[in-house]
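Residue numbers (my numbering), protein chains in the order written: chain X, 3 to 777; chain G, 359 to 697.
What follows is one structure encoded as structure tokens, with my remarks underneath.
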Amino acid sequence: MLRTILMSIILMIIAGATLSAATVSGFITCKDNAEPLQYVNVQVTETKAGTQTNKKGYYVITISAPGTYTLVATMISYNKASQPFTIKSSGDDVSLDLAMDNNTIELSKVTVIGKTDDDEVNTPFIKVSTITQSTEDMQNSVAVAEADVFRSILTLPGVTPISDFSSGLYVRGGSPDQNLILLDDIDVYNPNHFGGIFSTFNTDAVESAELMKGGYPAQYGGRLSSVLDVTNRQGNRNYHQGVARLSLISTSTTMEGPWKLGSESGSYMGSVRRTYLDVLRKAFDLPDYYFYDGHFKFNWDAGGRDKLSASAYFGKDNLDMDIGDKMHMDWGNKTVSTQWTHIFSPTLFSHFVLAGSNFSSNMEMTSTNGKVFDRGNSIDDISAKQMLSWKANNNHQLDFGYEAKFNDVSYLLKTRFQIDPNTLPDIKVSSLTGAVYVQDVWDIDAFWTLQPGLRVSGYNTLKDNLPASPYASYQRLEPRLSLRRKLDTAENIFVSYGRYYQYMTCMSMNVSTPFDLWFPLDGSLNPGRSDHFTMGYKNQLSPCFNLDMEVYYKTYTDILEYNTANDYTWNNQTGQLKDTFHIGKGYTYGFDTLLKTDWQGLEGFLGYTLSKTQRKMNNVNINPQTQEPGYFYPSYDRTHQLNIVETFNLTENTGKQLLGGDVKFGMNYSYSTGQPTQKPEGIFFDGEQFQIVYSYKDRERLPSYNRLDLSVKNEWAKSWGTIEPYFEVINVLNHKNVGGRNYYIMYDDQGNATLKHADSGQFPLVPFIGVNIKW
Amino acid sequence: MKNITNLSHSNGISRVTFCSILLLIMMTMLLSSCSDLVSPERFTENQYTVNALLKSGTSISVDNPVSICKVPGLNLPDVFVLDAVVTIKEYQKNPGTDSYDILNKQFALSLGMHSLNSFGVVPCYYDPANNLIQADYKYHIDVTIPGYDKIISADTIVPQAAELVPNFNYDPPAGQGFITDPADTDTSIPYGEVNNNFPVSVKLTDAGTQQTVNYIVEVYCREEFSTDLEYTTVIMGFEHPTEADKDKYMSSGDSIRRFMVMSKFMSKQHTDGNWYVSWTDYRQAFMFYGRYRITALVLDDNYFNYRSMQEGYYHGGVKNALGCFGSASGGVMYTKIVK
């Protein structure tokens, strides 16, 4: 069957391929800093043939006949750029790079004209359930203390924030371990700081974050729910610049600029950040906690056809507490990614990545007698992948490639306690995952685009020190298919299907923490499987409004939830990974809508989600009559979610300033219906204490969540740069949002035992101040 | 991309049709979500809970009883079952085998009242004949309740004899150490000495070899709640609990006055030739200065599962009911933690 599919794709391409067509190709960059621009609409005016730049800013268009043409590039927030070019003969390859100017509105103009956004509607390939956030988008979103990548993503429709204190991404019914998070094409595991309040990524270092909520293309695999593809900035190729930020909890600095050595040139970018809570703790009796992180990227423009880059990330959280004995915890991520972009020919673009990633966590307790226990965990990832893109002609673009990933995991618990060493996890597992993929974007005619794809993946255990754990060997086919029908110049509808497998699993309590453990599967567990069905409608309603609506249905099979009893029952000699999990299945369906606004100066969006998610796990939520598990709504199911994120640049739109500075207001409003939870249905006495018998996990819903955040920024321009203090208020309405409910039985002063409950709160009204300095 | 003009009425699907389909799907979902999306009640028929922790060397007394309750029900006086018929059978091990099929004796339990310390009394079932529970014996319980058509039953094999040894391997100065008399409120241990000299140790009296046992230690603060209670370690500037902590202190089940550790411990042979299981380096279990009760038990699998698994009352070995019918060997000791 695989052979048939591949042959069909190849035949379709050959049938339409123009053997000797001319091409125009090149890179589109930002004039200001010479950084490549992704997803720029590029069109040849005379033929109307067009495309979009890829993630490296590269485009190619085939031309069938000699002549003089005009290349036009358009993108939101940039002025249109155009350049004539000449094709002298068929078979000519014209190289044409364009630089685009940022779009600015003069202060004297009060009337704001909305910017067209049809580049997001008329993509050359079918972008299913995809939202791209730029640095500006992320920094405009009002966030706790400072801008954050994940907090910005959490405001999007289809993404459920489970708590103010967790930045775990629950995307369309999937849990955080089912998301593939990439930084410059390498996986990042457990990307959280501060116990989950922030993500690991510094927005100053990030070029963009692309969230694919489902139906993602064949290039991606290994996770069941979504892909978050984060790209580091390359750095300004024209001049050196920097930014420094000071917020209530951390300080950061970013420097970037060009470099030149003889005839070689390129750019660099470096960004470091550190909290200073540990400095303040002496004055305010705070825990001894800090985190730091750094992003670095070095780019070498090696020649017209080659670009090389190397990027690195490191981050660490550190917490020390005195609980009678000394408790120490640390955790952090490290990544290194080397990338080689090579243009074999104008129509064949290649991107090769060799990268590595490590996440490690450590928890230990030390008494007066020495170390009492030591828990260490790490996961290493070494990946090689190549992504090729062949523009056969203006009707077909073939993307294909491969990926090989080596994972090595260790988990070790040692203690002075007299615990049986066999019950203390001592696990070392390594595995190899490989995949090849092919995908065609076929413009059948002026209306229809078909995007079939296939990913073939394989997984093998390489080494496993557990004697009873069987080795795994799996091969799976992951078909993808999307079909789009254009209705107008900036309007289309589409349907999409995709199948996905996951070979890694994560041991996590209900809320993701830095101490979650990633493990490659062993042969006792099947790979998780998910099928995504999506139907969507996109329309640039007007220059001021862009609408995106989707309905979706996802199924999940062989999904895993951590079995906490494993903490007590594990045995290194007899243990298998299946003993550690409840196995089950689930589904989710829903409706997302995103209305982007650029109206009367209000820039932002309104997002609404209507959804339903259920799971059924073995040995969980047991029916007392039948002793069988039942479906339940997990804690991250929210029926209705509404998010409104808007900014208003007062100075840009009215000409008014405050104390000589440009003023910008920001607003985030979030509403969601209540979280499912359990409640008591019975009380019994166990001979010593009263205990509660609980209902099903989703017997009631907590009160709905409601939060309004506001911010104001005032930017002063100086000869050397800008200085921008800001003031934010989180939860302006001081609404008491309930994070969880705990029931307990309490004895009052008369000796009566009564059932009570306590709700844990989320962020109250909290103000934050800070300052941003750019030069 | 190709030129697209005048597409709104092109062949195939129209914009209106597609949007209508999307809106229809959305309205269907919206209407179906109007009611709260929650599960129904879990316990729609009467279920019962049977709980007991038999301790070797003691009898099933009003202090250590069998408790039988009814679910659902949140009104505390009404949850207790007062008319159950409860019988216990004691089985001895067949010599040379691993089976316990020699019926030694059987006895019936009677209704009594269990004292909740200063919090009143609750109904329970006890053995008026004071038959002592013996280590390495099997006990079977049968419970019949009028109106309930199933017989509730469970088995437990009492772990080997384990004797709690206060002040193991250490001769404390006068007035210091662990004692077994709860009325003695003066004998104390300085907080700084806990880790060095005062492990919580049980002797496995019949053990001939090293073995792994289910071991639990519970440290319980006997002081009444007061904002004068003092934390042994200041955390985030708090030296004393506040009124807001009262509920967390006074609650049954999980409470800040109660600290528990449970795991599979491996015995170690001491110089006296006996095998001991010890818990050391645990002073953080004493959250407050004051009087404490320390319970150390070697457990059977039923009670271990009951305490370790989610909704442990499904895994406590009881058939046709919830709860736990478990057994243990060990003991209780007391002390006062001082600065």
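C-beta atoms are modelled at their ideal positions from N, C-alpha and C, and glycine is treated no differently.
Predicted, not measured: the structure shown is a model, and the values here were computed from it.
Is there a C-beta anywhere in chain X that falls below 7 Å from the one on residue i?
i: G:N409; result: yes
i: G:M624; result: yes
i: G:N553; result: yes
i: G:T570; result: yes
i: G:G535; result: no
i: G:D639; result: yes
i: G:C579; result: no
Is residue i helix, strand or coil when you go by DSSP?
i: G:E551; result: helix
i: X:C546; result: coil
i: G:G670; result: helix
i: X:N568; result: helix
i: G:P435; result: helix
i: G:V619; result: strand
i: X:T463; result: strand
i: G:I503; result: coil
i: G:F644; result: coil
i: X:N655; result: helix
i: X:L361; result: Here residue 361 of chain X turns out to be Phe, not Leu, going by the sequence shown. Three-state result, X:F361: strand.
i: X:F408; result: strand
i: X:N528; result: coil
i: G:Y578; result: strand
i: X:M506; result: strand
i: G:S366; result: For G:S366, the pLDDT reaches just 44, beneath the cut-off of 50, and the residue's location in the model is therefore unreliable, although a value from the coordinates is still provided. Coil at G:S366, not helix or strand.
i: X:K580; result: helix
i: X:V281; result: helix
i: X:G772; result: strand
i: X:Q180; result: helix
Residue i to residue j, Cα distance in whole Å?
i: X:N396; j: X:K540; result: 23 Å
i: X:G116; j: X:N651; result: Bear in mind that the predicted position of X:G116 carries a pLDDT of just 41, short of 50, making it too unreliable to give a figure here.
i: X:H195; j: X:T202; result: 6 Å
i: X:V144; j: X:R617; result: 33 Å
i: X:Y71; j: X:Q45; result: 10 Å
i: X:N774; j: X:Q243; result: 14 Å
i: G:D507; j: X:Y564; result: 36 Å
i: X:N105; j: X:C546; result: 16 Å
i: G:K626; j: X:E702; result: 49 Å
i: X:E37; j: X:G306; result: 15 Å
i: X:T590; j: X:T559; result: 12 Å
i: X:K82; j: X:D103; result: 8 Å
i: X:L156; j: X:T76; result: 29 Å
i: G:V635; j: G:D658; result: 15 Å
Is the shortest distance between the beta-carbon of residue i and the beta-carbons of chain G less than 7 Å?
i: X:R701; result: yes
i: X:E683; result: yes
i: X:V74; result: no
From the DSSP output, which residues share a beta bridge with residue i?
i: X:N234; result: X:V208
i: X:G609; result: X:L596 and X:N645
i: X:M748; result: X:T756 and G:S609
i: X:D376; result: X:E366 and X:K416
i: G:C682; result: G:N409 and G:G674
i: X:S674; result: X:Q643 and X:Y707
i: X:T340; result: X:A312 and X:L356
i: X:F765; result: DSSP lists no partner for X:F765.
i: X:T88; result: X:T70
i: X:P682; result: X:Y696
i: G:Q327; result: Residue 327 of chain G lies beyond the residue range present for chain G, which begins at 359 and ends at 697; the question has no answer from this structure.
Three or more C-beta pairs closer than 8 Å, one from the segment 145 to 163 of chain X and one from the segment 244 to 253 of chain X: is that the case here? yes
For the structure I just gave you, are there three or more beta carbon pairs, one from the segment 230 to 240 of chain X and one from the segment 365 to 378 of chain X, closer than 8 Å? no
Check whether the segment 581 to 594 of chain G and the segment 535 to 548 of chain G are in contact - that is, three or more C-beta pairs closer than 8 Å. no
Taking three-plus beta-carbon pairs below 8 Å as touching, is the segment 422 to 432 of chain X in contact with the segment 464 to 473 of chain X? yes
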